[in-house]
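Below is one structure; the comments refer to it alone.
Numbering (our numbering), first residue to last: 63 to 317.
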């Protein structure tokens with residue numbers, strides 16, 4: 063009985079202590095909570111993807127070589143959503159984001175001829191978009207009365223879409239093979255990790271520097287065909303999508 067009474071007393075004491083601490087923290091952190099909406103635009107870039115064309119396992123390239131290099135261009139990112147700070151320094155934001163990308167694949171085919179070797183080249187241009195619904199945790203730090211910073215980390219559900227492309231590698235020489243390269247369109251869904259910093263100044267203005275890291279893989283299918291009378295050879299490549307980095311401006315409306 064005594065042990066049960068002591069245990070009950072300890073439990074009640076713990077509840078009272080933690081309740082008091084919680085109420086003090088709530089009073090300290092709850093002041094000046096706010097909410098509002100935002101809309102913004104950013105420039106977005108990403109590390110290069112690996113070449114889509116597999117140049118090492120082709121049985122058609124016994125005496126020839128095919129080199130493909132991939133480069134990524136800057137795209138844009140637009141987003142709109144709402145934020146809510148139930149406490150002074152801790153908040154959340156929910157938003158929709160849409161971003162574009164452009165991937166250029168430069169390919170060079172080198173073949174052996176009776177007089178030496180010749181090259182043919184071409185480019186495959188793949189465009190696409192990322193669309194995501196996101197929820198971020200915000201941790202705010204007041205620098206001055208008109209300047210503050212918020213660190214954010216969160217998750218989003220993303221839809222990836224990429225257009226297909228096809229090109230014939232042309233040569234200035236006559237009577238040589240001019241192969242055709244193709245990349246199939248792609249659509250993928252998966253989670254994306256968000257992280258970055260928001261800098262707020264003069265109430266309505268916000269600078270955002272962030273990163274989006276997809277957690278899903280991209281399965282690409284490409285093909286190589288030496289000529290119209292040869293058999294088309296297909297390649298499959300599975301790779302993780304690289305992180306995307308962006309910087310831009312948000313217009314913020316507090317209520």
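For each residue, glycine too, the CB sits at the ideal point set by N, CA and C.
For residue i, which of the options has the nearest alpha-carbon?
i	options	result
residue 285	241, 160, 142, 249	241
residue 256	311, 128, 217, 146	217
residue 192	316, 283, 158, 127	158
residue 153	142, 296, 302, 213	213
residue 107	138, 261, 114, 312	138
residue 318	296, 141, 132	Nothing about residue 318 can be read from this structure; the chain reaches only from 63 to 317.
residue 270	297, 236, 258	258
residue 141	177, 197, 230	197
residue 143	178, 97, 308	97
residue 303	289, 281, 317	281
residue 114	292, 230, 166	166
To which residues of the same chain is residue i closer than 6 Å at the C-beta, ignoring the five residues directly before and after it?
i	result
residue 294	285, 287
residue 275	255, 305
Under a three-way DSSP split, which group does residue i fall into?
i	result
residue 266	coil
residue 96	coil
residue 149	coil
residue 276	strand
residue 220	strand
residue 239	coil
residue 168	strand
residue 208	coil
residue 289	coil
Please classify residue i as buried or exposed, where buried requires at least 16 neighbouring CB atoms within 10 angstroms.
i	result
residue 136	exposed
residue 148	exposed
residue 300	exposed
residue 109	exposed
residue 67	A caution first: residue 67 carries a pLDDT of 46, below 50, which makes its placement in the model too unreliable to give a value.
residue 85	Here the model assigns residue 85 a pLDDT of 48, short of 50, so the residue's position is not dependable, and the following value carries that caveat. Flag for residue 85 reads exposed.
residue 171	buried
residue 104	buried
residue 236	exposed
So, for residue i: in the same chain, excluding its five sequence neighbours on each side, which residues have a beta-carbon less than 7 Å away from its beta-carbon?
i	result
residue 224	188, 190, 247, 248
residue 210	202, 203, 204, 262
residue 195	158, 218, 219
residue 308	104, 105, 106, 139, 272
Compare the beta carbon distance of residue i and residue j with 8 Å and say whether it is the shorter of the two.
i	j	result
residue 253	residue 219	yes
residue 186	residue 243	yes
residue 99	residue 315	yes
residue 380	residue 184	Examination of residue 380 is not possible in this model, given that the chain is present from 63 through 317 alone.
residue 311	residue 102	yes
residue 250	residue 278	yes
residue 283	residue 266	no
Please list, in chain order, all residues of the same chain as residue i whose beta carbon is under 8 Å from its beta carbon, the five residues on each side excluded.
i	result
residue 238	173, 175, 180, 182
residue 200	145, 147, 152, 153, 154, 155, 212, 213, 214, 260
residue 268	100, 102, 260, 261, 262, 311, 312, 313, 314
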